[in-house]
Amino acid sequence: MVKNLFKSREALLYIMTISMVFSTSAWMSLLNNFAIEAASFDGSQIGILQSLREIPGFLAFTVVIVIMFIAQQRLAYISMMLLGLGVILTGYFPNALGLYITTVIMSVGFHYLETLNQSLSLQWLNKAKAPIVLGKITAAKSFTSLIVFVLIYIMMKYYSVEYKYVYVFFGGVTFITGVLIWIFFEHFKDDVVQEKRIVLKKEYWLFYILTLFAGARRQIFIVFAAFLLVEKFGVDIHNMVALMFINAVLNIYFAPAIGKFISKFGERTTLRFEYLGLVIVFVSYAFVTNEYVAFGLYIIDHLLFSMAIALKTYFQKIADPKDIASASAVSFTINHIAAVFLPFVLGILWLYSSSLVFVIGASIAILSFILSFLVPKNPMQGFETTLKEKKRLAV
């Protein structure tokens, strides 16, 4: 039974994902309170930190260069250990420079691991099963986050554990897991030899644009939705963790349902629901005055993240199998183009109008919704957009 586990690609995907979430959930859930309470950050400083955090994501295309020398699977293990190390060090540097440096270390590990995880998932899972399995993996991520939030709540509420020791615990688990899976798991050969150069293909243009907008939306949620709750409504660390706990519980049930929804109704319908929901949520963020309404928006916003599975499976269906590793790395870079400068720019804008930040988010969601009408009902290689479908019918 144990030997079979170490020979299962799907099991390895689960373990890598769970381990990654174990430390990043802790880092994210503590960040705003740690930055404000320990390092006295303001809106512009948190914007700078988040921009620095996204620079390694912008450089994710370098994965393609590195896998020329290190196999994807082994590089994923190294990235996991680097992620764990960055989280371990975070609590020991409660100042602006220290947080900036440890954030970059953590972020290099995280973004490389996330890029490789996506690449291996799309290579190892067949197209029919992918939405359902990815939905279950997303649920596993939520369950892991749930465990993290419970542990943080207990450690800090009842035992008053210092921030630095909380970071050491969660980062240490990820680091050790990286070492153990390297030792025990079989190394799997690629079913299709991957392209080992950076390639931008015009056939994937719609995927690239939607990925760019998804990165911008993600930044506004991660950086400013949580910061809104802490700064405007004075939400403390315990209530913030409790809110994330609720998100995780709901997502355990919601994510697998989304996977089944994608399988049944397709990527196009799912993406339209996601983008329309985002328009409503961001407009509401801009004018919210009641903290409980803000809590509800934060929960809905988080649940909409599960629908992003549709963008991954859309790409899987239109991509040449040998392009998956290269395109996954390139898509992560595209996803982070806005992420490098957006938190900094919006952080400054935040000082003058927090509402305008969310109006910009709503505008991005509207553009995404419009573009979603170009996603074919049955996307496939050769028919990546409805424009190609129309050309085929014209012929």
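In terms of our numbering, the sequence shown opens at residue 91 and continues consecutively.
For each residue, glycine too, the CB sits at the ideal point set by N, CA and C.
Give me the residue from Val111, Asn123 and Met106 with the minimum Cα distance to Asp326.
For Asp326, the nearest C-alpha among the options comes from Asn123.
Tell me the DSSP secondary structure of Phe278 in three-state form.
Coil.
Can you list, in chain order, the residues of its chain with a C-beta nearer than 6 angstroms to that of Ala452? Leave out the 5 residues immediately preceding and following it.
Result list for Ala452: Val369, Phe372 and Val373, in chain order.
Do Ala455 and Tyr365 have their CB atoms nearer than 9 angstroms?
Cβ atoms of Ala455 and Tyr365: closer than 9 angstroms.
Residues in its own chain within less than 7 angstroms of Ile399 by CB, not counting five upstream and five downstream?
Cβ within range, chain order: Pro221, Leu224, Gly225, Thr228, Ile348, Gly349 and Ile352.
Between the Cα of Phe183 and those of Phe151, Ala428, Tyr253 and Leu461, spot the shortest distance and give me the residue it belongs to.
Cα-wise, what sits closest to Phe183 is Tyr253.
By how many angstroms is the C-alpha of Leu393 removed from the C-alpha of Ala484?
Residue placement at Ala484 is poorly supported in this model, since its pLDDT is 48, which falls under 50; the coordinates still yield a value, given next. If I take the Cα positions, the gap works out to 40 angstroms.
Looking at the secondary structure, which residues open and close the alpha helix (DSSP H) in which Leu204 lies?
One detail in the question is off: residue 204 reads as Glu in this sequence, not Leu. Residues Ala186 to Trp214.
Helix, strand or coil: which one does DSSP assign to Met470?
If DSSP states are grouped into helix, strand and coil, Met470 belongs with the strands.
Can you tell me the Cα-Cα spacing of Gly199 and Leu290, whole angstroms?
In a straight line, the C-alpha of Gly199 is about 24 angstroms away from that of Leu290.
With DSSP as the reference, label Ala220 as helix, strand or coil.
Here Ala220 sits in helix by DSSP.
Is DSSP giving Val485 helix, strand or coil here?
Any answer about Val485 is weak, because its pLDDT of 44 lies below 50 and its placement is not dependable; what the coordinates show is given next. Residue state, collapsed to three classes: coil.
What number of angstroms, rounded off, separates the C-alpha of Leu173 from the C-alpha of Pro433?
If I take the Cα positions, the gap works out to 22 angstroms.
Output needed for Gly181: all residues of its chain with C-beta closer than 6 angstroms, excluding positions within five of it in sequence on either side, in chain order.
Answer for Gly181: Tyr253, Lys254 and Tyr257, listed in chain order.
Hey, would you say the C-beta of Gly437 is under 8 angstroms away from at least one heavy atom of the ligand GTP?
Absence of the ligand GTP from the depicted structure is noted, as is the absence of any ligand whatsoever, leaving it without description.
If you reduce the DSSP assignment to three classes, tell me which class His426 lands in.
Correct three-state label for His426: coil.
Below 9 angstroms between beta carbons: does that hold for Thr205 and Phe112?
No, they are not a contact pair.
Is Thr423 near Ala150, with beta carbons less than 9 angstroms apart?
Taking 9 angstroms as the Cβ cut-off, Thr423 and Ala150 qualify as a contacting pair.
Out of Leu300, Gly324 and Lys231, which one is the CA nearest neighbour of Ser462?
Comparing Cα positions, the closest option is Leu300.
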